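Asks: Numbering (the numbering used here), first residue to last: 1 to 371. Where a beta carbon is used, it is the ideal one built from N, C-alpha and C, also for glycine. Since this is a predicted model, take the numbers as computed values, not measurements. Sharing a structure with you now.
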Amino acid sequence: MKVPLSQPEVTEYDIGRVVEVLRSGRLSIGPVLEAFEEACAHVAGRRYAVGVNSGTSALHLAVRALGLGPGDEVITTPFSFVASSNCLLFEGATPVFVDIDPQSLNLDPEKVETAVTPRTRAILAVDVFGNPADHPRLLDIARRYGLRYIEDSCEALGSDIDGRPAGSFGDAGAFAFYPNKQITTGEGGMLLTDDPEVAALARSMRNQGRGESDEWLAHPRLGYNYRLDEISAALGRAQIERLEEIVARREQLARRYNEALGGLPGIRLPRANLRGRMSWFVYVVEVDEAVTGVDRDTLQERLLAAGVECKPYFPPIHLQPFYQERFGFPEGSFPVTERIARRTLALPFFTQMRPDQVERVAEEVRRALAA
Ligand SMILES: Cc1ncc(COP(=O)(O)O)c(C=O)c1O
Numbered sequence: 001m002k003v004p005l006s007q008p009e010v011t012e013y014d015i016g017r018v019v020e021v022l023r024s025g026r027l028s029i030g031p032v033l034e035a036f037e038e039a040c041a042h043v044a045g046r047r048y049a050v051g052v053n054s055g056t057s058a059l060h061l062a063v064r065a066l067g068l069g070p071g072d073e074v075i076t077t078p079f080s081f082v083a084s085s086n087c088l089l090f091e092g093a094t095p096v097f098v099d100i101d102p103q104s105l106n107l108d109p110e111k112v113e114t115a116v117t118p119r120t121r122a123i124l125a126v127d128v129f130g131n132p133a134d135h136p137r138l139l140d141i142a143r144r145y146g147l148r149y150i151e152d153s154c155e156a157l158g159s160d161i162d163g164r165p166a167g168s169f170g171d172a173g174a175f176a177f178y179p180n181k182q183i184t185t186g187e188g189g190m191l192l193t194d195d196p197e198v199a200a201l202a203r204s205m206r207n208q209g210r211g212e213s214d215e216w217l218a219h220p221r222l223g224y225n226y227r228l229d230e231i232s233a234a235l236g237r238a239q240i241e242r243l244e245e246i247v248a249r250r251e252q253l254a255r256r257y258n259e260a261l262g263g264l265p266g267i268r269l270p271r272a273n274l275r276g277r278m279s280w281f282v283y284v285v286e287v288d289e290a291v292t293g294v295d296r297d298t299l300q301e302r303l304l305a306a307g308v309e310c311k312p313y314f315p316p317i318h319l320q321p322f323y324q325e326r327f328g329f330p331e332g333s334f335p336v337t338e339r340i341a342r343r344t345l346a347l348p349f350f351t352q353m354r355p356d357q358v359e360r361v362a363e364e365v366r367r368a369l370a371a
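Here it is as structure tokens:
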């Protein structure tokens, strides 16, 4: 039996809530989205949450609502999912990559400060693998230089740092609900903010640029169809009710993995959040070939052959072909990111993963390294 990399957990309760919507006759722009938004605002400790059809859409609307565009530099991380940087390109803003801290794998605040120029308008920080970036320090830099702050918490629903939830920092933040996330809506995302103007702009732009009054066919600004339908919102609304339990079960799984893989020479276990709760998104190990004698790609091939799904995660954004073509970053531009990215491998990890599956993965890792 294969062990999948990821699998959404959908319970009978969730299905019941979705069926209710299907029977209600109201499939878009309705009360279930509002309830889901309220629940997300509560988790993030925010005044406003605006539901959209993906995490990427939430980030795009954040960039637009904050008025970032051509000529504006935005400091961000090259060690992330490509959408956290693409959302800047959508608006013609320039991503200025800064290398990561080798401990947290998140933006290194010291390097961020040295990258500020007169053209810098914002910082976009990502909570990599569910581990919050050092938002208190980064936000302090943003405030000192008069920069806007965007928080990509697409991987960190339920995490916190220094007693504050992921999604609670900065001018705007984003959650994402793809099926590999802590909770899912199938496709979906959420923009988070305390700023009524940002919230109103995001609400308008997700709905074809309609005005506050929602008057039919009145479009004061350019907008999109980024709406989150009621069916998707019903799934998210049902799942977020058990977020605490989900976070706890994933934490337990991560612990089990740590025990099963601990002490394996050359396998570095994932870094935990040392400043608060970690809502585990993925379980990513680092392979030190100098010690294991087996490189990451060979380990991946052997695990796949043994029926254990796994993936390199993340390839650096600045080395993606499209970014190479456009910006021409030479290899070695961000050495920490590149070194880590050559070593990282995401192992199977999902809420309803069973202890025997964790043991099986660990056993196959051991076997693959010994082969
Ligand atoms: C860090 C990060 N940013 C943005 C996104 C984009 O989310 P979505 O896939 O919902 O567009 C994701 C999720 O895949 C992500 O992991």
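1) Pairing CB atoms from the region 193-211 with CB atoms from the region 79-92, are three or more of them under 8 Å?
2) Assess, as a yes-or-no matter, whether the region 319-328 is touched by the region 196-209 under the definition of 3 or more beta carbon pairs within less than 8 Å.
3) With a 10 Å radius around its C-beta and 16 neighbouring C-beta atoms as the bar for buried, classify V291 as buried or exposed.
4) Count the other CB atoms, across all protein chains shown, that sit within 10 Å of the CB of F314; report buried if there are 16 or more and exposed otherwise.
5) Ligand 1 and S85: does any heavy atom of the ligand fall closer than 7 Å to the residue's C-beta?
6) Measuring alpha carbon to alpha carbon, tell me which residue in I75, A58, F129, P118 is nearest P109.
7) Just confirm the distance between the C-beta atoms of A35 and A41, as a whole number of angstroms; I'd bet it's less than 8 Å.
8) Do the region 188-201 and the region 51-61 make contact, defined as three or more Cβ pairs closer than 8 Å?
9) Could I get the ranges of all uninterrupted beta strand (DSSP E) runs contained in the region 225-287, with 3 residues as the minimum, in chain order?
10) Taking 7 Å as the cut-off, does the CB of E155 come closer than this to any heavy atom belonging to ligand 1?
11) Buried or exposed: which applies to R296, given that a residue is buried once 16 or more other Cβ atoms fall within 10 Å of its Cβ?
12) Can you have a look at L274 and say buried or exposed, based on whether 16 or more other CB atoms are within 10 angstroms of its CB?
13) Beta-carbon separation of K77 and V126 under 8 Å?
14) Once the 5 residues before and after V18 are set aside, which same chain residues still bring their CB inside 8 Å of it?
15) So what does M190 bridge to, in DSSP terms?
16) Counting C-beta neighbours from all protein chains within 10 Å, is the total for A166 16 or more, i.e. buried, or is it exposed?
17) Is it the case that the CB of V52 approaches a heavy atom of ligand 1 more closely than 7 Å?
18) From the DSSP output, in three-state form, read off T120 for me.
19) Taking its Cβ as the centre, do 16 or more other Cβ atoms sit within 10 Å of L31, making it buried, or is it exposed?
20) For P312 and G25, I'd like the C-alpha separation in whole angstroms.
21) Helix, strand or coil, according to DSSP, for V3 in the structure here?
22) For the beta strand (DSSP E) containing L149, name the first residue and the last one.
23) Tell me which residues share the same chain as G262 and place their Cβ nearer than 7 Å to its Cβ, disregarding the 5 neighbours each side in the sequence.
24) A142 CB to nearest chain D CB: under 8 Å?
25) Please report the straight-line C-alpha distance between I65 and G170, rounded to a whole angstrom.
26) Taking 7 Å as the cut-off, is the beta-carbon of L59 closer than that to any non-hydrogen atom of ligand 1?
27) From the DSSP output, in three-state form, read off V21 for me.
28) Would you say C310 and A346 are within 8 Å of each other, going by their C-beta atoms?
29) In whole angstroms, what is the alpha-carbon distance linking T120 and L33?
30) Enumerate in chain order the residues of its own chain whose CB-to-CB distance from G276 is below 6 Å, with the five nearest sequence positions on each side excluded.
31) Comparing the CB of D152 with every heavy atom of ligand 1, is any distance shorter than 7 Å?
32) Among the candidates Y178, I150, N225, whose CA atom is the shortest distance from the CA of V198?
33) Which residue from W280, I267, N225, L222 puts its Cα closest to that of R249?
34) Mapping DSSP to helix, strand and coil, what is R360?
35) Are G130 and M278 close, meaning C-beta to C-beta below 8 Å?
36) Quick one: grab the DSSP three-state call for I29.
Replies: If we stick to the structure as given:
1) no
2) no
3) exposed
4) Buried, since its Cβ has 16 or more Cβ neighbours within 10 Å.
5) Incorrect: S85 has no Cβ contact closer than 7 Å to ligand 1.
6) I75
7) Incorrect: roughly 11 Å between the Cβ atoms, too far for contact.
8) yes
9) Fully enclosed beta strand (DSSP E) runs of 3 or longer: 283-287.
10) yes
11) Counting the other Cβ atoms within 10 Å of the Cβ of R296 gives 16 or more, which makes it buried.
12) exposed
13) Here the sequence assigns Thr to residue 77, which means Lys is not the residue at that position. Contact flag set, yes.
14) I231, A234, L235, A238
15) Residue pairing for M190: DSSP places it in a beta bridge opposite G51, F175.
16) buried
17) no
18) strand
19) For the record, residue 31 in the displayed sequence is Pro; it is not Leu. Exposed, since its Cβ has fewer than 16 Cβ neighbours within 10 Å.
20) 43 Å
21) strand
22) According to the sequence as given, residue 149 is Tyr; it is not Leu. 148-152 is the span of the beta strand (DSSP E), which, as asked, contains Y149.
23) Counting only Cβ-Cβ distances below 7 Å, and skipping sequence neighbours, we find L269.
24) Included in the structure is just one protein chain, with no chain D present.
25) Checking the sequence shown, residue 65 turns out to be Ala, not Ile. Spanning the two alpha carbons is a distance of roughly 13 Å.
26) yes
27) helix
28) yes
29) 35 Å
30) D160, I161
31) yes
32) It is I150.
33) W280
34) Note: R360 maps to helix in three-state DSSP.
35) yes
36) The answer is coil: DSSP assigns I29 none of H, G, I, E or B.
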